[in-house]
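According to numbering that gives the first Met the number 0, the sequence shown is numbered sequentially starting from 0.
Below is one structure, written out as structure tokens, with a few remarks after it.
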Amino acid sequence: MIFALDVGTRKIAGLIVVEEKGTIRIVDSELIEHKTRTMFDGQVHDVLGVAETVKEVKERLESRNEIELKEVAVALAGRFLKTQVGEAELDFSKTGHITREDVMKLEIEAVTKAQESVEEDFFCVGYSVVEYRLDGMWMKKLEGHRGGKAYVKVVSAFLPVHVVDSLMRVLETVGLTPVHVTLEPIAAMDLTVPEDLRYLNIALVDVGAGTSDIAISKEGTVVAYGMIPMAGDEITEAIGKKFLLDFQTAEHVKRTVFSEERVKVKNILDREIELNAREVSEAIKPVVDQITTEISTVVTELNGGAPSVVMVVGGGAKVPGFVESLARKMDLPLDRVSLKSVESTGLVEDLTGKVKGSEYITPVGIAYSAMRNRGSVFSQVFVNGVPVKLMGGVGRYSVMQVLIQAGYRFSSLVGGEMISFELNGKTLLRPKRRTSVKILVNGEEANLSSRVKHGDRIDIQTEEEKTPLRIKDLVKPVKVKLPDGEVEEILPEIVKNGTPVPPDADVEEGDVISFPEKIKISEIKSKISYGKTRIVVNGEEKWISLVNFDLLKGGVPLKDDKEVPLGEEIDLVEKGRKTLEEALEVPHITVTFNGELKKIPLKILHRIDEERVELKDFKPMVIDLLKDLKLDGLKDYELLKNGRRAMFTELLEDGDVIEFKVKK
0 MIFALDVGTR KIAGLIVVEE KGTIRIVDSE LIEHKTRTMF DGQVHDVLGV
50 AETVKEVKER LESRNEIELK EVAVALAGRF LKTQVGEAEL DFSKTGHITR
100 EDVMKLEIEA VTKAQESVEE DFFCVGYSVV EYRLDGMWMK KLEGHRGGKA
150 YVKVVSAFLP VHVVDSLMRV LETVGLTPVH VTLEPIAAMD LTVPEDLRYL
200 NIALVDVGAG TSDIAISKEG TVVAYGMIPM AGDEITEAIG KKFLLDFQTA
250 EHVKRTVFSE ERVKVKNILD REIELNAREV SEAIKPVVDQ ITTEISTVVT
300 ELNGGAPSVV MVVGGGAKVP GFVESLARKM DLPLDRVSLK SVESTGLVED
350 LTGKVKGSEY ITPVGIAYSA MRNRGSVFSQ VFVNGVPVKL MGGVGRYSVM
400 QVLIQAGYRF SSLVGGEMIS FELNGKTLLR PKRRTSVKIL VNGEEANLSS
450 RVKHGDRIDI QTEEEKTPLR IKDLVKPVKV KLPDGEVEEI LPEIVKNGTP
500 VPPDADVEEG DVISFPEKIK ISEIKSKISY GKTRIVVNGE EKWISLVNFD
550 LLKGGVPLKD DKEVPLGEEI DLVEKGRKTL EEALEVPHIT VTFNGELKKI
600 PLKILHRIDE ERVELKDFKP MVIDLLKDLK LDGLKDYELL KNGRRAMFTE
650 LLEDGDVIEF KVKK
């Protein structure tokens, strides 16, 4: 049984397929449209959005058939496609009859040679055999023969790593392991142009929603692949622009107006309009002309001229006039350009009654290709003794890629259970606990980025540490360099789920965490522990600083209201010591006594012992300014407060001016 998945730009199709006497029997199928535009030009842009739709397709098929789907066959669209020819020769004179494994080894060697001419960040996503030779003689197949030197020539297709990784991430998210990955035009070619027809010069054009993929056959093999980043979505957009429709409504018009002749919809101004097939045809004619011109140009370049036949598949080509326009552009008779359907292949038995038309060629082709293991680049390594098939950059696999394809969760390799939370408005995914990983490749110590090749053996041991993820692990502190060379890290106030929390608070699933990304110098000063001592004041524990200091950046003192971004590095420079009263910030008033400013505390400090003090309220009076004067027997004097006569027992207030003069 094969679970084939066609992850398209507009829709996701899932098929459960079995093979019986050379026929592809479709047991069940499911087709669901993306709820929003999560893919563009055949490429995944929103991993979680695409994964949500894939999950829905998977679960519906599982529910109806009472099975659990764990493995999947998929194909990639040809966005950013590059092709390269590779050749390889191996000596099988001592191996007896050539086995399927021998042929795979030879083909993988040729793909590896092809990849040497492609940039590092490209994956091989499929290939086709151009020719086999055994001891210099052309052979249709090598398997089962006995001989000496076997030769193969392949044409390999490559896509950027990020294009492949995004689809692999979708599959991983829904718990699916890819057992067959190929290119969409390879899958479509396998189904619509069997080997016995490839002696003809045929161009296959798969017009989807986001891309139009191309494959060329002649002289018995597939000789080239190509693509253009234009297809059905451009036709939909043309309808939307002409009639002022949102994308979903324009898509509805495209699918229904040509079969029903007329359709009523609402435009973006909320006005109901009626459209007929003729005016919609006129609206899309320029873009159909543009797409078919681009297809014709690429086909001619790949083929070295016009092919004998053009076979068109995919839902994007079903609009009226598309096939006719392509025939004109290729300068071919209309009977040489044909829109192929699943039914016309003669290979499909559809038990569902739903798998019909040209749009199902690719998903059925994926299943057909997987059954014959054609065009898919898989090498084999062993993880803890278990064989694992690998897809991707041949000869460029990392241990990380291998372990993920072997079923290890990314989280178990870099940090244990993954949790999702919000940090300053952004949703993040992080490991909840750290994990230590010990890795050996062929008996030698390695790491997650170490390279492995076909046949290598990986041994892995994981051990989870009990260190939880804390908020301070996510926030960059301001680093303050102290006079003794040590560094103190200062963090801002952190709020978790609406409540202030300490930096070492654990991060849990669904937490909403926020903090300012800048912090004032005054706040940094209040948080610094340097020079602070513990003291109990009136029974309450306090930490006070007995040091006067400045904070500097580049040698320049920073003012208290200055803000510095998190992650900044600054210096602390001492300026002297504080009294205990200054450190406790005992409130005071300032008065002028006989022309001299004096600070008078409003609390009296009484030290009980080294760690305990008492502060008592104190109401200063005028006489407190005279305590150092000898007043006994003094009768003739003048005491003024703010220019008026005053009594010794009058209370002092901030800003008072006191004058005391002895008369002669």
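Beta carbons are placed, not taken as given, at the ideal position from N, Cα and C, and that holds for glycine.
query = Can you pull the DSSP bridge partners for Glu115?
reply = For the purposes of this step, residue 115 is identified with residue 116 of the sequence shown, where counting begins at 1. The partner list for Glu115 (beta bridge, DSSP) is empty, contrary to what the question assumes.
With a threshold of 7 Å between beta carbons, is Gly207 in contact with chain D? Going by chain labels, chain D is absent from the structure shown, which holds only one protein chain.
CB-CB length for Ala72 against Val178, believed under 8 Å: In the sequence shown, counting from the first residue as 1, residue 72 sits at position 73. In the sequence shown, counting from the first residue as 1, residue 178 sits at position 179. Correct: roughly 6 Å between the Cβ atoms.
Item checked: Alpha-carbon to alpha-carbon, Val16 and Ala366 -> Position 367 of the sequence shown, counting from 1, holds the residue named residue 366. Position 17 of the sequence shown, counting from 1, holds the residue named residue 16. Linking Ala366 to Val16 through their CA atoms gives a straight-line distance of about 7 Å.
Notebook entry, point to check: Taking just the CA atoms, how far does Ala208 sit from Ala230?
Noted result: As a working mapping, residue 230 is identified with position 231 in the sequence shown. As a working mapping, residue 208 is identified with position 209 in the sequence shown. Near 5 Å, if we compare the C-alpha coordinates of Ala208 and Ala230.
Cα-Cα separation, Gly320 to Leu80
The residue you call residue 320 lines up with position 321 of the sequence shown. The residue you call residue 80 lines up with position 81 of the sequence shown. Going from the Cα of Gly320 to the Cα of Leu80 covers about 28 Å.
task: Could you check which residue in Asp189, Glu171, Gly135 and Glu293 has the C-alpha nearest to that of Tyr126?
output: Within the sequence shown, numbered from 1, the residue matching residue 126 stands at position 127. Answer by Cα proximity: Asp189.
- Task: Could you tell me the boundaries of the alpha helix (DSSP H) in which His161 lies?
- Result: Working through the sequence shown from its first residue, we reach residue 161 at position 162. For His161, the enclosing alpha helix (DSSP H) starts and ends at Val160 to Thr172.
(Q) Can you give me the C-alpha to C-alpha distance between Arg429 and Asp510, rounded to a whole angstrom? (A) Position 430 of the sequence shown, counted from the first residue, corresponds to residue 429. Position 511 of the sequence shown, counted from the first residue, corresponds to residue 510. Cα-Cα distance, rounded: 12 Å.
Taking the straight line between their C-alpha atoms, what separation do you get for Glu610 and Lys471? For this step, residue 610 is matched to residue 611 along the sequence shown. For this step, residue 471 is matched to residue 472 along the sequence shown. Between Glu610 and Lys471, the C-alpha separation is close to 32 Å.
Discussion item. Here's the rule: buried if 16 or more other CB atoms are within 10 angstroms of the residue's CB, otherwise exposed. What is His33?
Written reply: By one-based count along the sequence shown, residue 33 stands at place 34. Buried.
**Prompt:** Which residues does DSSP pair with Arg644 in a beta bridge?
**Reply:** Within the sequence shown, the letter at position 645 stands for residue 644. Beta-bridge pairing links Arg644 to Leu639.
Tell me the DSSP bridge mates of Glu516? Residue numbering aside, residue 516 sits at position 517 when the sequence shown is read from its first letter. According to DSSP, which records beta bridges pairwise, Glu516 is partnered with nothing at all.
Self-check item: Rounded separation between Gly414 and Asn446 - CA only
Solution: Looking up residue 414 in the sequence shown gives position 415. Looking up residue 446 in the sequence shown gives position 447. Confidence at Gly414 is low in this model, with a pLDDT of 49, below 50, so its placement is unreliable and the value that follows should be read with caution. If you take the alpha carbons of Gly414 and Asn446, they lie about 15 Å apart.
Sort Thr176, Met38, Pro386 and Asp195 by Cα distance to Lys452 and report the nearest one. Taking the sequence shown and counting its residues from 1, the one referred to as residue 452 is at position 453. Nearest of Thr176, Met38, Pro386 and Asp195 to Lys452, Cα basis: Pro386.
Handout entry: Bridge partner(s) assigned by DSSP for Leu14
Key = Here residue 14 refers to the residue found at position 15 of the sequence shown. Beta bridge pairing from DSSP links Leu14 with Ala3 and Ser28.
_Per the DSSP calculation, Pro564 is bridged to which residue(s)?_
By one-based count along the sequence shown, residue 564 stands at place 565. Pro564 pairs with Lys517.
- Message: What does the alpha-carbon distance come out to for the pair Ser155 and Asp164?
- Response: Counted from its first residue, the sequence shown places residue 155 at position 156. Counted from its first residue, the sequence shown places residue 164 at position 165. A straight line joining the alpha-carbon of Ser155 with that of Asp164 spans about 18 Å.
query = Taking one C-beta from the segment 260-269 and one from the segment 235-249 each time, how about it: are there three or more such pairs within less than 8 Å?
reply = With the cut-off at 8 Å, the segment 260-269 and the segment 235-249 touch.
Inset, instruction - Could you tell me which residues DSSP puts in a beta bridge with Gln460? - result: In the sequence shown, counting from the first residue as 1, residue 460 sits at position 461. Looking at the DSSP assignment, Gln460 forms a beta bridge with Lys437.
Check your understanding: Curious, which full-length alpha helix (DSSP H) runs of at least 4 residues does the segment 491-553 contain?
Key -> The qualifying runs are 520-526.
Inter-stretch contact (C-beta, 8 Å, three-pair minimum) for the segment 199-206 and the segment 294-308 = Judged by pairs of C-beta atoms under 8 Å, the segment 199-206 touches the segment 294-308, as three or more such pairs exist.
Checklist entry - What separation, rounded to the nearest whole angstrom, lies between the Cα atoms of Thr235 and Leu331? => result Position 236 of the sequence shown, counting from 1, holds the residue named residue 235. Position 332 of the sequence shown, counting from 1, holds the residue named residue 331. When rounded, the separation of the alpha-carbon atoms in Thr235 and Leu331 is 27 Å.
Output the distance between the C-alpha atoms of Leu571 and Leu624, rounded to the nearest integer angstrom. In the sequence shown, counting from the first residue as 1, residue 571 sits at position 572. In the sequence shown, counting from the first residue as 1, residue 624 sits at position 625. Taking the straight line from one Cα to the other gives about 38 Å.
* Look at the alpha carbon of Gly146 and the alpha carbon of Glu106, and state the distance between them as a whole number of angstroms. => Taking the first residue of the sequence shown as 1, we reach residue 146 at position 147. Taking the first residue of the sequence shown as 1, we reach residue 106 at position 107. Those two C-alpha atoms are separated by around 17 Å.
Exercise. According to DSSP, which residues form a beta bridge with Asp195?
Worked result: For this step, residue 195 is matched to residue 196 along the sequence shown. In DSSP, Asp195 forms no bridge with anything.
Please say whether Lys574 and Phe592 have beta carbons closer to each other than 7 Å? For this step, residue 592 is matched to residue 593 along the sequence shown. For this step, residue 574 is matched to residue 575 along the sequence shown. One thing to note: Phe592 has its Cβ no nearer than 7 Å to the Cβ of Lys574.
What three-state label does DSSP hand Thr92 in the structure shown?
Taking the sequence shown and counting its residues from 1, one reaches residue 92 at position 93. The sequence shown places Ser at residue 92, rather than the Thr named in the question. DSSP places Ser92 in coil when its eight states are reduced to three.
So what does DSSP say about Ala326, is it helix, strand or coil?
Sequence index remark: in the sequence shown, residue 326 carries index 327 (1-based). Looking at Ala326 - three-state DSSP - the assignment turns out to be helix.
*In its own chain, which residues sit with a C-beta less than 7 Å from the C-beta of Ala504, not counting the 5 before and 5 after it?*
Against the sequence shown, residue 504 aligns to sequence position 505. The residues are Arg469, Ile470 and Lys495.
*Can you give the Cα-Cα distance for Gly484 and Leu551, rounded to whole angstroms?*
For this step, residue 484 is matched to residue 485 along the sequence shown. For this step, residue 551 is matched to residue 552 along the sequence shown. Rounded to the nearest whole angstrom, the CA to CA distance from Gly484 to Leu551 is 15 Å.
*asked:* Contact between the segment 561-569 and the segment 597-616 is defined here as three or more beta-carbon pairs at a separation below 8 Å; is this criterion met?
replied: Contact between the segment 561-569 and the segment 597-616 is not established, with fewer than three Cβ pairs separated by less than 8 Å.
Mind checking whether Val129 and Lys112 have CB atoms under 7 Å apart?
-> Looking up residue 129 in the sequence shown gives position 130. Looking up residue 112 in the sequence shown gives position 113. Annotated as distal: Val129 and Lys112, with beta-carbon spacing of 7 Å or more.
Review point. Would Ala645 be called buried (16 or more neighbouring beta carbons within 10 Å of its own) or exposed?
Key: Walking along the sequence shown from the start, residue 645 turns up at place 646. Counting the other CB atoms within 10 Å of its CB gives Ala645 a total of 16 or more, which places it among the buried residues.
In or out: Phe647 buried (at least 16 other Cβ within 10 Å) or exposed?
As a working note, residue 647 is residue 648 in the sequence shown. By the C-beta density criterion, Phe647 is exposed, having fewer than 16 other C-beta atoms within 10 angstroms.
For Glu323, count the other beta carbons within 10 Å of its own beta carbon; 16 or more makes it buried, fewer makes it exposed. Which is it? Taking the sequence shown and counting its residues from 1, the one referred to as residue 323 is at position 324. Glu323 comes out exposed.
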